[in-house]
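Enquirer: In the working numbering, the protein residues as written are 8 to 141.
We put the beta carbon where it would ideally sit given N, CA and C, even for glycine.
Remember, it's a predicted structure, so these values are computed and weren't measured experimentally.
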Amino acid sequence: MKNNNNNFDRLTSGSLFSALAYLTGPMLISGVLQNLQSMIDLFWVGRLGEDSVAAISLSGTVLMLMFPVIMGLATGVLAIVSRSIGAGDYEKAAAATGQALLMGTLLGIIAGIIGFFYSAPLLQVLGGEADVVR
Numbered sequence: 008m009k010n011n012n013n014n015f016d017r018l019t020s021g022s023l024f025s026a027l028a029y030l031t032g033p034m035l036i037s038g039v040l041q042n043l044q045s046m047i048d049l050f051w052v053g054r055l056g057e058d059s060v061a062a063i064s065l066s067g068t069v070l071m072l073m074f075p076v077i078m079g080l081a082t083g084v085l086a087i088v089s090r091s092i093g094a095g096d097y098e099k100a101a102a103a104t105g106q107a108l109l110m111g112t113l114l115g116i117i118a119g120i121i122g123f124f125y126s127a128p129l130l131q132v133l134g135g136e137a138d139v140v141r
């Protein structure tokens, strides 16, 4: 694997602002695009009525409940893979990546099954009225 010193030099020399912009830029752009997508969704769903907008809001709450778990797992995997690559143990990095993909797939299937069977009661617990949950 090729070691690219240009990226390392960009972070360790020069202005701190430049290094922070380089590191945070992609995440900032991603956040802006996600919010833009939510606004576009609400624009179009808003034409369907109040119950539809309420349903979108409730589903957003469920996603926000799942987000910390997903980000926690992703951060852990990132740390393991990064340390393995840094130590030159590419087999361990590949194994951790494979296990992470398997774990993500299994968690996605489990979440899908739970959502399929228990979405209505979950949305009612979150305050959804019958018309919204339907």
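With a threshold of 16 other CB atoms inside 10 Å of the CB of V39, please say whether the residue is buried or exposed.
Expert: exposed
Enquirer: Where does G32 land, buried or exposed, given buried means 16+ other C-beta within 10 angstroms?
Expert: Classification for G32: exposed.
Enquirer: Please check if any C-beta of chain B sits within less than 8 Å of the C-beta of S45.
Expert: This model lacks chain B altogether; it includes just one protein chain.
Enquirer: Please give the ranges of any alpha helix (DSSP H) in the segment 55-135, keeping only runs that are unbroken, at least 4 residues long and fully inside the region.
Expert: 57-93 and 97-132
Enquirer: Please check the pair I63 and V52, which I expect to be a contact at CB under 8 Å, by giving their CB distance rounded to whole angstroms.
Expert: 5 Å
Enquirer: With a cut-off of 8 Å on the beta carbons, I'd call L65 and G135 a contact; round off their distance for me.
Expert: 5 Å
Enquirer: Start and end of the alpha helix (DSSP H) containing G21?
Expert: No alpha helix (DSSP H) contains G21, which DSSP labels as neither H nor E.
Enquirer: Return the chain-ordered list of same chain residues with a C-beta closer than 6 Å to the C-beta of A61, the five sequence neighbours on each side being excluded.
Expert: V139
Enquirer: Determine the burial state of L229: buried for a count of at least 16 other Cβ atoms within 10 Å of its Cβ, exposed for fewer.
Expert: Because the chain here runs from 8 to 141, residue 229 falls outside it and cannot be looked at.
Enquirer: A127: buried (16+ other C-beta within 10 angstroms of its C-beta) or exposed?
Expert: exposed
Enquirer: Kindly list the residues whose CB is nearer than 7 Å to the CB of A103, restricted to its own chain and excluding five residues on each side of it in sequence; keep chain order.
Expert: Contacts found: V84, I87, V88 and S91.
Enquirer: Judging by CA-CA distance, which residue of G95, T19 and L133 is the nearest neighbour of T68?
Expert: L133
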